[in-house]
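Per my numbering, the sequence shown runs over residues -10 to 78. We treat Cβ as the ideally placed atom computed from N, Cα and C, and that holds for glycine. Small disclaimer: the values here were computed from a predicted structure and weren't measured. What follows is a set of notes on a single structure, which appears directly below.
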Amino acid sequence: MMRIGPGSKNLVCGECLERKSAQKQETKSELSKEEPVKEYFCKECRYNFKRAKHLAISACPYCGSSGSLMVKGSTARIMADAAKMKGVD
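Shown next as structure tokens:
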């Protein structure tokens, strides 16, 4: 049995159309299984980036500066980092 395809331009076999929709659902479920990531911010060049949690990052991949990376996180952590930058504990 032939049906009109998703773009309403072509005729497609009914079985093929069902197979394509099943494959799309599988790929959507595979994409949702992403690894947990950490967000970083470089204070030198102001570069934002994400890496997998299991990777240890010691330098900015953009400018190569070490010691200027901040892990993005909760408000409490951001406030503590800001206090350290000002020299107030």
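Cβ neighbours of residue i in the same chain (closer than 8 Å, five flanking residues each side left out)
i     : result
Ser55 : Ser47, Ala48 and Cys49
Asp70 : Met59
Cα-Cα separation, residue i to residue j
i     : j     : result
Met68 : Leu58 : 15 Å
Asn37 : Cys31 : 7 Å
Ala72 : Tyr51 : 26 Å
Gly62 : Lys39 : 12 Å
Glu4  : Glu24 : 34 Å
Tyr96 : Arg8  : Since the first residue of the chain shown is -10 and the last is 78, residue 96 is not available in this structure.
Assigned secondary structure, residue i (DSSP; H/G/I helix, E/B strand, else coil)
i       : result
Arg(-8) : strand
Proximity winner among the options, relative to residue i (alpha-carbon distances)
i     : options                           : result
Gly53 : Lys(-2), Thr64, Arg35 and Gly(-4) : Arg35
Met74 : Gly(-4), Glu33 and Leu44          : Glu33
Own chain partners of residue i with C-beta closer than 7 Å, once the 5 adjacent residues on each side are dropped
i        : result
Met(-10) : Gly3
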